[in-house]
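Heads up, the thing below is written out as structure tokens.
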């Protein structure tokens, strides 16, 4: 749940998730949401430490064909444009949980460049107006979706000039 009371995993209980591991298929039914977290960040924070906006849900679940087979499933929703690769590994003795799961997700970086005052004011009037219009639309989209944009200074924006989008 976010600061506005918005939940990202509403109605997910009873959802069936088909999985395939080592050529073995199984279907798992979500029973109860155990936890939900989210992460939002500004463009400036992303510049300092690149991360994607995300929501995380943890559910108890059972295997569809064998309800006595119970497990936990973690669901990740990210704003990344494209998942490029996944690597599953095991934590070594230096990890917080030696022998525990270590999962790498390689995601596509969003298009565009970070704006700052110098870049913004070096643009011609038409270019600055395009940034303003795109910023207003992105702001309204965020607020309309229940997000609270923060740190809306020019330095915190990623401008995709090719697509005229924030």
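Residue numbers (our numbering): 30 to 195.
Backbone N, C-alpha and C define an ideal beta-carbon position, used for all residues, glycine too.
- In this structure, residue 59 lies near residue 42, with their beta-carbon atoms less than 8 Å apart.
- Counting along the chain, residue 36 sits inside no beta strand (DSSP E), nor does DSSP assign it H or E at all.
- Here residue 127 has 120 as same chain residues with Cβ atoms under 6 Å from its own Cβ, once five neighbours each way along the sequence are excluded.
- As the crow flies, the alpha-carbon of residue 61 is around 45 Å from that of residue 159.
- Only residues of its own chain outside the window of five on either side were considered, and among them 85 have a CB closer than 6 Å to the CB of residue 66, listed in chain order.
- Between residue 152 and residue 50, the alpha-carbon positions lie close to 51 Å from each other.
- Exclusion of the five residues before and after residue 47 leaves 56 as the residues of its chain whose Cβ lies within less than 6 Å of its Cβ.
- Residue 156 and residue 194 have their C-alpha atoms some 12 Å from each other.
- Within its own chain, the residues whose Cβ lies closer than 6 Å to the Cβ of residue 100, once the five positions on either side in sequence are excluded, are 90, listed in chain order.
- Ranked by Cα distance from residue 87, the first of 40, 95 and 105 is 105.
- Under the three-state reduction of DSSP output, residue 61 falls in the strand class.
- Apart from the 5 residues on each side of it in sequence, residue 140 sits with its Cβ closer than 6 Å to the Cβ of 189 in its chain, given in chain order.
- Apart from the 5 residues on each side of it in sequence, residue 115 sits with its Cβ closer than 8 Å to the Cβ of 132, 133, 134 and 135 in its chain, given in chain order.
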